[in-house]
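**Student:** Here it is, the structure, as structure tokens.
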Amino acid sequence: MFRVTTTSIFLIIFSSQVQAWKSVGSSPGFGTCSYSTIQDAIDSGDSEIRVLNNQTFTENLTITDSIDIKGGFSSCLSAQLNTQSGGNTEIDGSASLGSATITIDSTSEPTIRFYNLNITGAADTIFVNGGHGIEIGDSNGIIEIHNSLIIGNTAEEGGGIYSANPPGSLTVIIEDSSVFGNSVSNRGGGVFCGNANTNVLIYGNSLVGENSAVDGGGIYATNGCYVEINSGSDLQPGSDLKGIIGNTASGNGAGIYLDLAAYLSLFGNTYGGGQYGNNTEPVTIADNISSNNGGGIYAINSSTIDGSDVYITNNVSSSGKGGAIYMGNSTTTPVTASISDSESQCWNPGKCSIISNNHASSNGGAIYMEGSSELTLRNTHVSGNRATFGTALYVSSINGSGTSAHLDGNYFYDNGNDGSGFGDSFVIRGNGNVDITILHNTIAGNDADDSRAIIGIIGSNLILKNSIISNGTETVLEQNGTNTLNFSCLIVNENISIPSATSSNDIGFVNSANDDYHLNSDSFAIDFCASAASNNKDADVEYRGWDDETVPDFLGTYDAGADESYINDIIFKNSFE
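With our numbering, the residue at position 85 of the sequence shown is 96, and numbering never jumps.
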């Protein structure tokens, strides 16, 4: 008769633990590993594989079931002790031309996790879309990539990670990992995502960087794929590179390309009750260069961009439109984009969302729109952008009238350089039957081509309320064609082009020389306006309409421009002491 004792229970538990994992590699004198190849360990059916980092494993792996593959073990003994040290384990897929380094082939909804791996060496052929660092193909389930590097792989599509058409739900999680230096001959240098059943989540200290493609150098998402990015940095000297950085496209969308109802969520703050994300770094899209349109993001055909606390900077459309963002044509519902602050504590208080120093050789240095697309831009700093027309924004009726831009609570400054190197005609340009609404914006310190104006419209609909436009001797508004205009409560540097506005070159900013366009305590823009039905908070997360009792109301208690000043609130300034 079998007797159940404490010792036998321990042996049963210990035996099950031993059988739950296998080790791979060789370290003479420091223990013996279970297998010499990773594929043999996978085929054994164990749920966890621990792989040594003292050699390169030249293999093309196929995975069909749930498993954890962990690299970074210096010896078989350290694998036995589950103690990782030193660098990642390298898996090189160059052994089989046209094959992925890792192929996941399962419809049984597996959970597959990779830790501390360098995945490299896969190469395409001219016959099939081969290569890929990780090919998920038509598989579903959950794929997690942690503390890993996917580098130096080539393919036709999806050089780093390729996901095509899963029959069920697929979630790809990239945490504290880099998809770097991969290339394709067509779409998705870093990541290709091709189905509405797929969610790609990029968070932690993650980077999609220096990948190249024709379209979608960093990421190509199509057919309803959902991409969420929470990674980024302030790009200050010494900071780690995180986010979507330094990708190139010989066509469109160097950073990210969205097509056919793809959805992009950019969120640079905490969420899930503070469990995920952080509020010390933004989501970053930077230094991406496309030969045609959309240096940072290119979106067409009913795709959606939803961004909060973003830092979109130094992106270039070298021969096209939309240095930071290109919003293009749709055959059904329009492309939509919403960029704003999160109205929470953020990485850069008062400047939680920034679109800066983006360039387009043609139109829309920061943002270009056409094809009935719809933009909401709120509490964002838009600065230092350059283009031939519309250094900050170009709204066009090409490929569909009714393209609309709703601008609420933004700061536009330092856009243009009087045509030096770029045309710099207009900061905001509307061309054709488009709708532009500007509420509580401060448009100041820009340097458009002196022969044109800060805002230029041709046959457009313009609502301009509760705003400050102060740009030296620049003409405020240039009109051509038949326009529909709705103006109220404006402070401008000249009112010849807008006779109903109040003219002044002495607004009373805190420090315009250092781009601080908050209102000073004696600014006559304080309590200047009535409500304009804009967002109820400014970029400093301060409620609009505060009645400054030290200043007589002009039209109401709302300050003109982007800033609702509380500078004269003694209780507020002294933290209620």
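All C-beta atoms in this analysis are idealised placements derived from N, C-alpha and C, irrespective of residue type, glycine included.
Would you call the segment 278 to 288 and the segment 325 to 332 touching, i.e. three or more CB-CB distances under 8 Å?
**Tutor:** Short answer: they don't touch.
**Student:** How about N280 and C357: are their beta carbons less than 7 Å apart?
**Tutor:** Start at 1 with the first residue of the sequence shown, and residue 280 comes out as number 269. Start at 1 with the first residue of the sequence shown, and residue 357 comes out as number 346. It is a contact, given that the beta carbons lie within the stated cut-off.
**Student:** Going along the chain, which residues of its own chain have a beta-carbon closer than 6 Å to the beta-carbon of G98, five neighbours each way excluded?
**Tutor:** Mapped onto the sequence shown, residue 98 falls at position 87. So the list reads N64, once near-sequence residues are dropped.
**Student:** So, helix, strand or coil for N525, using DSSP?
**Tutor:** Position 514 of the sequence shown, counted from the start, is the residue given in the question as residue 525. DSSP places N525 in helix when its eight states are reduced to three.
**Student:** Looking at the strands, I want to know which residues DSSP matches up with Q490.
**Tutor:** Here residue 490 refers to the residue found at position 479 when the sequence shown is read from its first residue. For Q490, which the question treats as bridged, DSSP gives the partners I468.
**Student:** Kindly confirm or deny that the segment 553 to 562 and the segment 493 to 508 touch, where touching means at least three C-beta pairs closer than 8 Å.
**Tutor:** Touching, no.
**Student:** Candidates A541, G432, G382: which alpha carbon is nearest S341's?
**Tutor:** Residue 341 sits at position 330 when you count from the first residue of the sequence shown. For S341, the nearest C-alpha among the options comes from G382.
**Student:** Mark S180 as exposed unless 16 or more other C-beta atoms lie within 10 angstroms of its C-beta, in which case mark it buried.
**Tutor:** Numbered from its first residue, the sequence shown carries residue 180 at position 169. That one is exposed.
**Student:** Just checking, does the segment 266 to 275 make contact with the segment 304 to 312 on the three C-beta pairs under 8 Å criterion?
**Tutor:** Result yes; three or more Cβ-Cβ pairs closer than 8 Å.
**Student:** Name the two residues that bound the continuous alpha helix (DSSP H) containing I5.
**Tutor:** Limits of the chain in this structure are 12 at one end and 588 at the other, which puts residue 5 out of reach.
**Student:** Using the Cβ count rule (16 or more neighbours within 10 Å means buried), how would you classify E385?
**Tutor:** Here residue 385 refers to the residue found at position 374 when the sequence shown is read from its first residue. Buried is the call here.
**Student:** Could you tell me which uninterrupted beta strand (DSSP E) segments, each at least 3 residues in length, are contained entirely in the segment 319 to 373, listed from first to last along the chain?
**Tutor:** If we require 3 residues or more, the beta strand (DSSP E) runs fully inside the segment 319 to 373 come out as 321 to 324, 336 to 338, 347 to 351, 364 to 367.
**Student:** Under the rule that 16 or more other beta-carbon atoms within 10 Å means buried, what is A524, buried or exposed?
**Tutor:** As a first step, residue 524 is located in the sequence shown; it is residue number 513 there, counting from the start. Exposed, since its Cβ has fewer than 16 Cβ neighbours within 10 Å.
**Student:** At the level of alpha carbons, what is the spacing between L501 and D419?
**Tutor:** Indexing the sequence shown from 1 puts residue 501 at position 490. Indexing the sequence shown from 1 puts residue 419 at position 408. One C-alpha to the other measures close to 14 Å.
**Student:** Go ahead and pull the three-state DSSP assignment for C87.
**Tutor:** To locate residue 87, count along the sequence shown from 1; it is residue 76. Reduced to three states, the DSSP call for C87 is helix.
**Student:** Using DSSP bridges, identify the partner residues of V406.
**Tutor:** Here residue 406 corresponds to residue number 395 of the sequence shown, with the count starting at 1. For V406, which the question treats as bridged, DSSP gives the partners M380, G441.
**Student:** By how many angstroms is the C-alpha of D317 removed from the C-alpha of F7?
**Tutor:** Here the chain covers residues 12 to 588 and nothing more, so residue 7 does not appear.
**Student:** Which value, in whole angstroms, describes the spacing of the CA atoms of D298 and D116?
**Tutor:** Start at 1 with the first residue of the sequence shown, and residue 298 comes out as number 287. Start at 1 with the first residue of the sequence shown, and residue 116 comes out as number 105. Answer to the nearest angstrom: the Cα atoms are 35 Å apart.
**Student:** Out of curiosity, what's the CA-to-CA distance linking G334 and S86?
**Tutor:** Taking the sequence shown and counting its residues from 1, one reaches residue 334 at position 323. Taking the sequence shown and counting its residues from 1, one reaches residue 86 at position 75. Roughly 49 Å between the two C-alpha positions.
**Student:** Count the other CB atoms within 10 Å of the CB of A573; is the residue buried (16 or more) or exposed (fewer)?
**Tutor:** Residue mapping note: residue 573 aligns to position 562 of the sequence shown, counting from 1. Flag for A573 reads buried.
**Student:** Quick check on DSSP: helix, strand or coil for L475?
**Tutor:** Locating residue 475 in the sequence shown gives position 464, where the first residue counts as 1. Residue state, collapsed to three classes: strand.
**Student:** Per DSSP, I240 is paired with what?
**Tutor:** Indexing the sequence shown from 1 puts residue 240 at position 229. Per DSSP, I213, L277.
**Student:** Which value, in whole angstroms, describes the spacing of the CA atoms of T73 and A111?
**Tutor:** Your numbering for residue 73 matches position 62 in the sequence shown. Your numbering for residue 111 matches position 100 in the sequence shown. Using only the alpha carbons, I get a separation of about 9 Å.
**Student:** Tell me whether L566 sits in a helix, a strand or coil according to DSSP, three-state version.
**Tutor:** Residue numbering aside, residue 566 sits at position 555 when the sequence shown is read from its first letter. Note: L566 maps to coil in three-state DSSP.
**Student:** Label T16 either buried or exposed according to how many other C-beta atoms from any shown protein chain fall within 10 Å of its C-beta, with 16 as the threshold for buried.
**Tutor:** Against the sequence shown, residue 16 aligns to sequence position 5. Here the model assigns T16 a pLDDT of 31, short of 50, so the residue's position is not dependable, and the following value carries that caveat. Exposed is the call here.
**Student:** What's the gap between the Cα of I336 and the Cα of A550?
**Tutor:** Stepping through the sequence shown from its first residue, residue 336 is reached at position 325. Stepping through the sequence shown from its first residue, residue 550 is reached at position 539. Cα-Cα distance, rounded: 21 Å.
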